[in-house]
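Enquirer:
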Amino acid sequence: MTDKQRYADELARVRDRSIGLTTAVLDEGELTRQHSPLMSPLVWDLAHVGNYEELWLVRQLAGAEPMRPEIDGLYDAFEHPRAERPSLPLLGPTEAQRYIELVRRKVFDALDTLPAPSDPTSISLYAMVVQHEHQHDETMLATHQLRRGAPALTDPDSPVPPRAGPLPAEVLVPAGPFVMGTSTDPWAYDNERPAHTRDLPAFWLDTTPVTVGAYRGFVESGGYDEATFWSDRGWAWRCRSGKRAPAFWVRDGNGWFRRRFGRLEPLPDDEPVQHVCWYEAEAYARWAGRRLPTEAEWEKAASWDPATETQRRYPWGDDEPDATRANLGQTRLRPAPAGSYPAGAAPCGALQLLGDVWEWTASEFTGHPGFCVFPYREYSEVFFGEGYKVLRGGSWATDPVACRATFRNWDHSIRRQIFAGFRTARDA
Ligand SMILES: [Fe+2]
Numbered sequence: 000m001t002d003k004q005r006y007a008d009e010l011a012r013v014r015d016r017s018i019g020l021t022t023a024v025l026d027e028g029e030l031t032r033q034h035s036p037l038m039s040p041l042v043w044d045l046a047h048v049g050n051y052e053e054l055w056l057v058r059q060l061a062g063a064e065p066m067r068p069e070i071d072g073l074y075d076a077f078e079h080p081r082a083e084r085p086s087l088p089l090l091g092p093t094e095a096q097r098y099i100e101l102v103r104r105k106v107f108d109a110l111d112t113l114p115a116p117s118d119p120t121s122i123s124l125y126a127m128v129v130q131h132e133h134q135h136d137e138t139m140l141a142t143h144q145l146r147r148g149a150p151a152l153t154d155p156d157s158p159v160p161p162r163a164g165p166l167p168a169e170v171l172v173p174a175g176p177f178v179m180g181t182s183t184d185p186w187a188y189d190n191e192r193p194a195h196t197r198d199l200p201a202f203w204l205d206t207t208p209v210t211v212g213a214y215r216g217f218v219e220s221g222g223y224d225e226a227t228f229w230s231d232r233g234w235a236w237r238c239r240s241g242k243r244a245p246a247f248w249v250r251d252g253n254g255w256f257r258r259r260f261g262r263l264e265p266l267p268d269d270e271p272v273q274h275v276c277w278y279e280a281e282a283y284a285r286w287a288g289r290r291l292p293t294e295a296e297w298e299k300a301a302s303w304d305p306a307t308e309t310q311r312r313y314p315w316g317d318d319e320p321d322a323t324r325a326n327l328g329q330t331r332l333r334p335a336p337a338g339s340y341p342a343g344a345a346p347c348g349a350l351q352l353l354g355d356v357w358e359w360t361a362s363e364f365t366g367h368p369g370f371c372v373f374p375y376r377e378y379s380e381v382f383f384g385e386g387y388k389v390l391r392g393g394s395w396a397t398d399p400v401a402c403r404a405t406f407r408n409w410d411h412s413i414r415r416q417i418f419a420g421f422r423t424a425r426d427a
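According to numbering that gives the first Met the number 0, the sequence shown holds residues 0 to 427 in order.
(1) Taking LEU266 as the reference, which of ALA46, PRO399 and ASN253 has the closest Cα?
(2) Can you tell me where the beta strand (DSSP E) holding ARG425 begins and where it ends?
(3) Let me check you understand the geometry: is the CB of TYR378 closer than 7 angstroms to at least one non-hydrogen atom of ligand 1?
(4) Please work out which residues of its chain come closer than 6 angstroms, Cβ to Cβ, to TYR6, disregarding the five sequence neighbours upstream and downstream, and give them in chain order.
(5) Can you determine whether any heavy atom of ligand 1 sits closer than 7 angstroms to the C-beta of HIS79, and answer yes or no?
(6) Can you give me the Cβ contacts of ALA201 inside the same chain, cut-off strictly under 6 angstroms, excluding the 5 residues immediately before and after it?
(7) Express the C-alpha separation of ALA141 and ARG103 in angstroms, rounding to a whole number.
(8) Which residues in the same chain have their Cβ closer than 6 angstroms to the Cβ of VAL275, if we skip the five residues on either side of it in sequence?
(9) Measure from the alpha carbon of VAL159 to the alpha carbon of each residue in ALA401, SER362, ARG324 and VAL128, then state which is nearest.
(10) With distances taken between CB atoms, is the gap from TYR313 to ALA194 smaller than 8 angstroms?
(11) Hey, would you say PRO85 sits closer than 8 angstroms to ASP2, going by beta carbons?
(12) Within 7 angstroms: the Cβ of HIS131 and any heavy atom of ligand 1?
(13) Consider the C-beta atom of TYR51 and the heavy atoms of ligand 1; say whether any pair is separated by less than 7 angstroms.
(14) For the beta strand (DSSP E) containing PHE256, list its first residue and its last residue.
(15) Let's test the definition: count the other Cβ atoms within 10 Å of the Cβ of SER123 and tell me whether it reaches 16, buried, or not, exposed.
(16) Only counting the same chain, and skipping five residues up and downstream in sequence, which positions put a Cβ closer than 7 angstroms to that of LEU87?
(17) Would you check whether ligand 1 has a heavy atom nearer than 7 angstroms to the C-beta of HIS135?
(18) Buried or exposed for ASP189, going by 16 or more other Cβ atoms inside 10 Å?
(19) Could you name the residues that DSSP lists as bridge partners for GLU363?
(20) Put TYR340 into one of helix, strand or coil per three-state DSSP.
(21) Taking 6 angstroms as the limit between beta carbons, can you name the residues of its chain near THR31, skipping five residues before and five after?
(22) Can you tell me the Cα-Cα spacing of ARG67 and GLN416, whole angstroms?
(23) Please report how far the alpha carbon of PHE77 lies from the alpha carbon of VAL128, in whole angstroms.
(24) Quick check on this structure: which residue in THR397, SER362, CYS402 and THR93 has the alpha carbon closest to the alpha carbon of TYR387?
(25) Ignore the nearest five residues each way along the sequence and tell me which others in ASP410's own chain have a CB closer than 7 angstroms to its CB.
(26) So, helix, strand or coil for GLY164, using DSSP?
(27) Who are MET139's beta bridge partners in DSSP?
(28) Tell me, please, which residues DSSP counts as bridged to MET66.
(29) Measuring only from the beta carbon, is ALA76 closer than 7 angstroms to any heavy atom that is part of ligand 1?
(30) Can you tell me the Cα-Cα spacing of THR120 and SER230, whole angstroms?
(31) Can HIS47 be considered in contact with ligand 1, in the sense that its beta carbon sits closer than 7 angstroms to one or more heavy atoms?
(32) Leaving out five residues before and five after ILE413 in sequence, what residues of the same chain have Cβ atoms less than 8 angstroms from its Cβ?
(33) Please report the straight-line C-alpha distance between TRP303 and PRO292, rounded to a whole angstrom.
(34) Using DSSP bridges, identify the partner residues of TYR313.
(35) Comparing the CB of TRP255 with every heavy atom of ligand 3, is any distance shorter than 7 angstroms?
(36) By the three-class DSSP mapping on this structure, what secondary structure does TRP409 have?
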């Protein structure tokens, strides 16, 4: 398959996904309403992915004139924060869908005439546009999770491969240098570049992400009431927010439940915990006598094979993700039980580093040494040094093409609507 055909197929696949989260399942009122001040109305995301595609593929790459210059400002994420977006004169669902289909037709016309991108020293603009839409689809899933009312999504509930046998609680990642980041992956954003060597002391890492059951232990032993487990900022957040459990947990009599896409269910103790903010992850780690791994530690555990001294694109090697290796791509609406996907193990023995839940790391988001902006500052660079915490590994809602061991995500320390959990570490 040529690069061009691959990009064409991926563009078609991601569009099916976007439609499946918007016009296929919700009516006009649901699409234009703001379900949470943290999120855009879904119809904003829908037109925004088309506007972004127009900007980078129709105008930048194919050199065409703006199709609807009067709407560009509405869909510029920097011009209008999410809270403002419902009050904008946005395109309605039908008009938005017509606009993004027109953009897509122009892109496919241009694909026929433009040369296939062949320079892997920066991200292919096609790969960037495909990933951007998938990233918005994951954001739309967070909106669905926050939405109240009758359930709109059906869980495909794809089977999970049997869990590994008894697992050690933690695995050792030996000391030594490793290669972090990439200079040659055509799907890698500017913030994943360039490849560079880091040297780390040995450390122990949890074999799997922290489970709901383990986190419930922290909640029920009074972890939210004991300031010593929390950093000053974390404690201030806990006091200000009044939170005493992860988002979407509901206490009912003597049991705990959680709300998942509009349905209440008993807490799934063996699942990786989700919807905890960075401060909660930090406090849990301290309660457990441990700490969060740094971003470099996480990437080394997920990609470095010390036996061959080579970097892997994924924990298991360079083969593409599939249903035996990782829970990615919204084939379920939930993480798989901790210990699943033994075929996806990293060289150090850790499981589920990719998929299931994003993992908070101790690190703040900044550029790798030698970082160069491409193709625009607002993708990554404007967030460097602003106190954003790095998340790694993707979640069950992350598409495989938007996930690899070098992929970096970032968010505010207080965010809980994202599909994020964590695992803990300690010095060896
Ligand atoms: Fe965007």
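From the three backbone atoms N, C-alpha and C, an ideal C-beta is built for every residue, glycine too.
What you are looking at is a predicted structure, and each value in this text was computed from that prediction instead of being measured.
Expert: Concretely, from the data shown:
(1) Working through the sequence shown from its first residue, we reach residue 266 at position 267. Nearest of ALA46, PRO399 and ASN253 to LEU266, Cα basis: ASN253.
(2) Position 426 of the sequence shown, counted from the first residue, corresponds to residue 425. Taken as a continuous stretch (DSSP letters only), the beta strand (DSSP E) holding ARG425 covers 424 to 426.
(3) The residue given as residue 378 occupies position 379 in the sequence shown. TYR378 Cβ: outside cutoff for every heavy atom of ligand 1.
(4) Here residue 6 refers to the residue found at position 7 when the sequence shown is read from its first residue. Beyond the five residues adjoining it in sequence on each side, TYR6 comes within less than 6 angstroms, by CB distance, of TYR125 in the same chain, given in chain order.
(5) Here residue 79 refers to the residue found at position 80 when the sequence shown is read from its first residue. No, the Cβ of HIS79 stays beyond 7 angstroms of every heavy atom of ligand 1.
(6) Reading the sequence shown from its first residue, position 202 is the one you call residue 201. For ALA201, where only same-chain residues beyond five positions count, the Cβ hits under 6 angstroms are PRO173, ALA174 and ALA427.
(7) What you label residue 103 is simply residue 104 of the sequence shown in a count that begins at 1. What you label residue 141 is simply residue 142 of the sequence shown in a count that begins at 1. Whole-angstrom Cα-Cα distance: 25 angstroms.
(8) Position 276 of the sequence shown, counted from the start, is the residue given in the question as residue 275. Counting only Cβ-Cβ distances below 6 angstroms, and skipping sequence neighbours, we find PRO245.
(9) As a first step, residue 159 must be located in the sequence shown, where it is residue number 160. For the residues ALA401, SER362, ARG324 and VAL128, the minimum Cα distance to VAL159 belongs to ARG324.
(10) Residue 313 sits at position 314 when you count from the first residue of the sequence shown. Residue 194 sits at position 195 when you count from the first residue of the sequence shown. No, they are not a contact pair.
(11) Residue numbering aside, residue 85 sits at position 86 when the sequence shown is read from its first letter. Residue numbering aside, residue 2 sits at position 3 when the sequence shown is read from its first letter. Cβ distance not < 8 angstroms, so PRO85 and ASP2 don't count as in contact.
(12) In the sequence shown, residue 131 corresponds to position 132, counting from 1. Under cutoff, so the answer is yes.
(13) For the purposes of this step, residue 51 is taken as residue 52 along the sequence shown, with counting starting at 1. It does: the Cβ of TYR51 is within 7 angstroms (strictly closer) of some heavy atom of ligand 1.
(14) Taking the sequence shown and counting its residues from 1, one reaches residue 256 at position 257. First-last of the beta strand (DSSP E) with PHE256: 254 to 259.
(15) Counted from its first residue, the sequence shown places residue 123 at position 124. So SER123 ends up on the buried side.
(16) What you label residue 87 is simply residue 88 of the sequence shown in a count that begins at 1. The residues are LEU73 and HIS79.
(17) Here residue 135 corresponds to residue number 136 of the sequence shown, with the count starting at 1. True, at least one ligand heavy atom lies under 7 angstroms from that Cβ.
(18) Residue mapping note: residue 189 aligns to position 190 of the sequence shown, counting from 1. Here ASP189 is buried. Its C-beta has 16 or more other C-beta atoms within 10 Å.
(19) Against the sequence shown, residue 363 aligns to sequence position 364. The partner list for GLU363 (beta bridge, DSSP) reads LYS388.
(20) The sequence position of residue 340 within the sequence shown is 341, counting from 1. Coil, per DSSP.
(21) What you label residue 31 is simply residue 32 of the sequence shown in a count that begins at 1. Hits under 6 angstroms: PRO40 and VAL42.
(22) Taking the sequence shown and counting its residues from 1, the one referred to as residue 67 is at position 68. Taking the sequence shown and counting its residues from 1, the one referred to as residue 416 is at position 417. If I take the Cα positions, the gap works out to 33 angstroms.
(23) As a first step, residue 77 must be located in the sequence shown, where it is residue number 78. As a first step, residue 128 must be located in the sequence shown, where it is residue number 129. Looking at the two C-alpha atoms, the distance is approximately 18 angstroms.
(24) Within the sequence shown, the letter at position 388 stands for residue 387. Here the closest residue by C-alpha is SER362.
(25) In the sequence shown, the residue the question calls residue 410 occupies position 411. Correct list, in chain order: TYR387, LYS388, LEU390 and ILE417.
(26) Locating residue 164 in the sequence shown gives position 165, where the first residue counts as 1. In the structure shown, GLY164 sits in coil (DSSP, three-state: anything other than H, G, I, E or B).
(27) In the sequence shown, counting from the first residue as 1, residue 139 sits at position 140. Note: MET139 is not bridge-paired with any residue in the DSSP secondary-structure output.
(28) Taking the first residue of the sequence shown as position 1, residue 66 is located at position 67. In DSSP, MET66 forms no bridge with anything.
(29) Stepping through the sequence shown from its first residue, residue 76 is reached at position 77. Because some heavy atom of ligand 1 lies under 7 angstroms away, the Cβ of ALA76 counts as near it: yes.
(30) Taking the sequence shown and counting its residues from 1, the one referred to as residue 120 is at position 121. Taking the sequence shown and counting its residues from 1, the one referred to as residue 230 is at position 231. Roughly 40 angstroms separates the two Cα atoms.
(31) Here the question's residue 47 lines up with position 48 in the sequence shown. True, at least one ligand heavy atom lies under 7 angstroms from that Cβ.
(32) Your numbering for residue 413 matches position 414 in the sequence shown. Correct list, in chain order: TRP236, SER240, CYS276, TRP277 and TYR278.
(33) Stepping through the sequence shown from its first residue, residue 303 is reached at position 304. Stepping through the sequence shown from its first residue, residue 292 is reached at position 293. Taking C-alpha positions only, TRP303 is separated from PRO292 by approximately 15 angstroms.
(34) The residue you call residue 313 lines up with position 314 of the sequence shown. Paired residues: GLY316.
(35) Only ligand 1 can be found as ligands here, which leaves ligand 3 out of the picture.
(36) Walking along the sequence shown from the start, residue 409 turns up at place 410. Looking at TRP409 - three-state DSSP - the assignment turns out to be strand.
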